[in-house]
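Colleague: Sharing a structure with you now.
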Amino acid sequence: MKPVISILLLTALAVTGRAQEQFSLKESIAYGLQHNRTVSIYKNNRLQAVQKARQAASTYLPNVNISAGLDDNLKLPVTIIPAGTFGPGTPEQRVSFGTKFNSTHVAQLDQPIFDKAALTGLKARQPNIDYATLTETQNNENLVYNIAVAYFRIIVAQKQLDLLLDNKTRMEKNLGIAQLRAQQGVAKKIDIKQVQVNINNIESQLSVTRNSLELAINTLKFNMGLAIDENIQLNDTARWLSPEDKAKKTDFSFDYKRTTDYALDQTQITLLDINRKNIRDSRYPTLGLYARYGANGFGNKLGDAYERLFDFGTVGLKFQWNIFAGFRKDANYKIANYDFENAKTNLLLKEDQQRLTFQNAGLSYFRAENTITNNKENMDLAKEVYDNVSLQNREGLASLTDLLNAENSYQQAQSNYVQSLLDYYIAEIELRRANGTLIEFYNNL
Numbered sequence: 023m024k025p026v027i028s029i030l031l032l033t034a035l036a037v038t039g040r041a042q043e044q045f046s047l048k049e050s051i052a053y054g055l056q057h058n059r060t061v062s063i064y065k066n067n068r069l070q071a072v073q074k075a076r077q078a079a080s081t082y083l084p085n086v087n088i089s090a091g092l093d094d095n096l097k098l099p100v101t102i103i104p105a106g107t108f109g110p111g112t113p114e115q116r117v118s119f120g121t122k123f124n125s126t127h128v129a130q131l132d133q134p135i136f137d138k139a140a141l142t143g144l145k146a147r148q149p150n151i152d153y154a155t156l157t158e159t160q161n162n163e164n165l166v167y168n169i170a171v172a173y174f175r176i177i178v179a180q181k182q183l184d185l186l187l188d189n190k191t192r193m194e195k196n197l198g199i200a201q202l203r204a205q206q207g208v209a210k211k212i213d214i215k216q217v218q219v220n221i222n223n224i225e226s227q228l229s230v231t232r233n234s235l236e237l238a239i240n241t242l243k244f245n246m247g248l249a250i251d252e253n254i255q256l257n258d259t260a261r262w263l264s265p266e267d268k269a270k271k272t273d274f275s276f277d278y279k280r281t282t283d284y285a286l287d288q289t290q291i292t293l294l295d296i297n298r299k300n301i302r303d304s305r306y307p308t309l310g311l312y313a314r315y316g317a318n319g320f321g322n323k324l325g326d327a328y329e330r331l332f333d334f335g336t337v338g339l340k341f342q343w344n345i346f347a348g349f350r351k352d353a354n355y356k357i358a359n360y361d362f363e364n365a366k367t368n369l370l371l372k373e374d375q376q377r378l379t380f381q382n383a384g385l386s387y388f389r390a391e392n393t394i395t396n397n398k399e400n401m402d403l404a405k406e407v408y409d410n411v412s413l414q415n416r417e418g419l420a421s422l423t424d425l426l427n428a429e430n431s432y433q434q435a436q437s438n439y440v441q442s443l444l445d446y447y448i449a450e451i452e453l454r455r456a457n458g459t460l461i462e463f464y465n466n467l
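Residues 23 to 467, numbered by this note's numbering, are exactly what the sequence shown covers, in order.
Here it is in C-alpha cells:
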C-alpha cells in the first residue's frame, strides 16, 4: 500500500473539516491546467487573436453604410438677384429657395481595389493567432514546472519532517536513559545537558521544516488554482521517495528549435518582418470603388418630405497617394527594420543562453543522480553505526559522547540525503524546462 502524505492546514482548516482531496503529481498538474486563473486569461488571449484576425480581414471587404437625415429649415436662406437682371430698370430681387422640410436617404458601398499596405498587413493574421497559442502553451509549461517543483518540495519536506520526528523520539529516549543513569550516579549532569541540546536543535529544525512545508503547500495550491483553505493529500509519494528504483534513464539532448521559446521568437520575427513591410508598402497609392444611391424629399409639411422622393445614384473611383509625409514614413520603416534585426539577434542570444542553462542543468542533474545514491548508502551506513554505538552504550562499552557523535553523524547523513533528493528532482525539472520537454514529462507521468 502506498504511503499517503497528509497535508494538514492550520487555523481555518481545523474549523471547516472538509474532506481532503487526493492528488498524484499528474493529477495535480492536470488540475492546475484547468483551474489556475492564468489558464482562462491565456485562453481568452488566444480567442481574442482569432477575432482580431477577423477584424483585420474586414479592411479588404466591402463596407456598406446607410444614412438618413431630416432638416427643418426654420428660416430659409435669402438669395439676392441683382437689379437689372430681368431687364433695365428692374429692381433688386430677394428670393428664398427651398422648402421648410428636406429629407435625405443615402446608401453607400466602398470597396478597396488596391491597397498594398493592407494586403501586407493581412499576412499577420495567422502569425498573431500562432503567437497567442504559443504564449498559452508557454503558460501551461510554467504551470507544469511550478506545480512539479512545489510538489517535490512538499514530499521532501515531509520526509525531512518524518526523519526529524524519529530523531527526536530517539533523543528523548536517550534523555530518559541519561537521567536515570544520573540518578544512579553512573552519569554526569553534563551528559543530560548534551542530550537536551541535541533535542533543542531538533526542535529548531522541526520549526524550520514545518514552515518550509507550509510554504510549499500554499505554493502548490496557488499554482493548482485551489483555495488556500483547501485540504489536500499527496497519494503517490512512494514513487518519488525512491528515485534510484525508477529504473529509467532519460536521454536528454538539446534542441532549441523544439522549445516554445524558439517558436515564440520565430513568430515574433515573422510579425516584425510583416510590420516593416507594411510600413514600406504604405508609400504606394490606394484605389477604391464606391457606389452611392439615395433619395431626397422636399415639402413645406413634414409628411410631404417623405411622400415625394427624388432618387439619385453615383458610381466612382477614389485614388489616394500620399507622396510626401515629411520623412515620417522613412523613419518609421527604419525603426521597424531595427526592431526586426534586433529580434533576429536576440533569437541567437537566447539560444546561447538556453544552451548554457541546459548544460548547467544537465551537470546538476547527473551530479545529483550520483550524489543521491551515495548519500542513501551513507545514511544507511550512519544508521548502522548509530545502532552499534547505541547497543554498546547500553552495555557500558561506549560513552554518551560517542553516542551523540554517532547521532549527529546520522542526522547529517539524513539531511544530506534529503537535500540530494530535492536537488535531483529540481535538476530534472530544470533540465526539462531548458530542453522544452515539460509537457512530455507531464504526459509520461
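Glycine is no exception: its CB is placed at the ideal position from the N, C-alpha and C atoms.
Check this for me: beta carbons of Asn318 and Thr121, under 8 Å apart or not?
Modeller: The answer is no: Cβ separation not under 8 Å.
Colleague: State buried or exposed for Arg455, treating a residue as buried only when at least 16 other CB atoms are found within 10 Å of its CB.
Modeller: Arg455 counts as buried, since no fewer than 16 other beta carbons sit within 10 angstroms of its beta carbon.
Colleague: Quick one: residues in its chain with C-beta nearer than 7 Å to the C-beta of Ala140, no 5 flanking neighbours on either side, listed in chain order?
Modeller: Thr81, Tyr82, Pro134
Colleague: So the candidates are Leu371, Leu324, Leu185, Leu443; which of them puts its Cα closest to the Cα of Leu96?
Modeller: Leu324
Colleague: Mind checking which residues open and close the beta strand (DSSP E) that includes Leu98?
Modeller: Neither: Leu98 is in no beta strand (DSSP E) and is coded neither H nor E.
Colleague: Between the region 49-64 and the region 243-262, are three or more C-beta pairs nearer than 8 Å?
Modeller: yes
Colleague: Quick test of your reading: Tyr439 and Lys372, contact by CB under 8 Å. State the CB separation rounded to the nearest angstrom.
Modeller: At roughly 37 Å, the Cβ-Cβ gap does not stay under 8 Å, so Tyr439 and Lys372 are not in contact.
Colleague: Just curious, the beta strand (DSSP E) that Ala317 is in, first and last residue?
Modeller: Per DSSP, Ala317 is one residue of the beta strand (DSSP E) stretching across 308-321.
Colleague: Does the Cβ of Asn457 have 16 or more other Cβ atoms within 10 Å, making it buried, or fewer, making it exposed?
Modeller: buried
Colleague: With distances taken Cα to Cα, identify the nearest neighbour of Ala146 among Val72, Thr282, Thr379.
Modeller: Val72
Colleague: Which residues in the same chain as Ser275 place their Cβ atom closer than 8 Å to its Cβ, once the five residues preceding and following it in sequence are excluded?
Modeller: Within the same chain, Ser275 has close Cβ partners Asn457.
Colleague: Roughly how many angstroms lie between the CA atoms of Ala249 and Ala78, to the nearest whole one?
Modeller: Rounded to the nearest angstrom, the two C-alpha atoms are 40 Å apart.
Colleague: Hey, out of Thr101, His127, Leu131, whose CA is closest to Asn87's CA?
Modeller: Leu131
Colleague: Our contact map puts Ala285 next to Ala238 with C-beta atoms below 8 Å; I'd like the distance itself, whole angstroms only.
Modeller: With a beta-carbon spacing of about 32 Å, Ala285 and Ala238 fall beyond the 8 Å limit used to define contacts.
Colleague: Can you have a look at Gln342 and say buried or exposed, based on whether 16 or more other CB atoms are within 10 angstroms of its CB?
Modeller: exposed
Colleague: Which of the three DSSP states, helix, strand or coil, is assigned to Tyr85?
Modeller: Residue identity differs from the one stated: residue 85 is Asn in this sequence, not Tyr. The answer is strand: DSSP assigns Asn85 an E or B state.
Colleague: Answer yes or no: do Tyr446 and Glu429 have a C-beta to C-beta separation smaller than 8 Å?
Modeller: The answer is no: Cβ separation not under 8 Å.
Colleague: Assuming Leu470 and Val217 form a contact by the criterion Cβ under 8 Å, report the distance between their Cβ atoms to the nearest whole angstrom.
Modeller: Missing from the structure shown is residue 470; the chain here goes from 23 to 467 and no further.
Colleague: What does a CB cutoff of less than 8 Å around Leu294 pick up in its chain, not counting 5 residues either side in sequence?
Modeller: Ala358, Asp361, Phe362, Ala365
Colleague: Is DSSP giving Ser46 helix, strand or coil here?
Modeller: coil
Colleague: To the nearest angstrom, report how far apart Asn233 and Gln434 are at their CA atoms.
Modeller: 20 Å
Colleague: Which class does Ile301 belong to by DSSP, given the choice of helix, strand or coil?
Modeller: helix
Colleague: Beta-carbon within less than 7 Å of Pro104's beta-carbon, same chain only, minus the 5 sequence neighbours each way: which residues are those?
Modeller: Glu114
Colleague: Kindly indicate which three-state DSSP category Asn124 falls into: helix, strand or coil?
Modeller: strand
Colleague: Please state the DSSP three-state secondary structure of Arg416.
Modeller: helix
Colleague: Taking DSSP as the reference, what is the three-state secondary structure of Leu104?
Modeller: Residue identity check: residue 104 is Pro in the sequence provided, not Leu. Correct three-state label for Pro104: coil.
Colleague: List the whole-angstrom C-beta distance separating Leu165 from Asn245, where the pair is believed to meet the contact cut-off of C-beta under 8 Å.
Modeller: Yes, they are in contact, since the Cβ atoms of Leu165 and Asn245 sit about 6 Å apart, within 8 Å.
Colleague: Going by alpha carbons, who is nearest to Gln470 out of Asn466, Asp277, Ser226?
Modeller: Residue 470 is absent from the model: the chain starts at 23 and stops at 467.
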